[in-house]
């Protein structure tokens, strides 16, 4: 078991928290690295912003649907970039 003081796990988004539900991706990555997990050095997030988050629908809005192909193309561009290094599995 590992215990870290909260101030040693900086997280600009959530500040003080008492629940793991408040953890951000940055906090999860920082914690994983501190625990010795084999994680990528660089992480990219490709996001599509919803215009209306107050109403639920099983259908994509036209703006979100239109953004999917360009977002997927961006993912492929990142994966095929000359500098991209796939994460190698750690030896058991």
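Residue numbers (our numbering): 877 to 968. Backbone N, C-alpha and C fix where the C-beta goes; we use that ideal spot for every residue, glycine too.
Which same chain residues, not among the five before or five after residue i, have their C-beta less than 8 angstroms away from its C-beta?
i, result
"residue 905", "915 and 919"
"residue 908", "915"
"residue 950", "922"
If you measure between the beta carbons of residue i and residue j, is that distance less than 9 angstroms?
i, j, result
"residue 899", "residue 924", "no"
"residue 901", "residue 921", "yes"
"residue 927", "residue 939", "yes"
"residue 944", "residue 954", "no"
Between which two residues does the alpha helix (DSSP H) carrying residue i extend?
i, result
"residue 956", "938–956"
Grouping DSSP H, G and I as helix and E and B as strand, with all else coil, what is residue i?
i, result
"residue 902", "helix"
"residue 984", "What the structure shows of the chain is the stretch from 877 to 968, and residue 984 is not part of that stretch, so it cannot be assessed."
"residue 971", "Because the chain here runs from 877 to 968, residue 971 falls outside it and cannot be looked at."
Cβ of residue i within 8 angstroms of any heavy atom in the ligand COA?
i, result
"residue 951", "As for the ligand COA, it is missing from this structure, which has no ligand bound."
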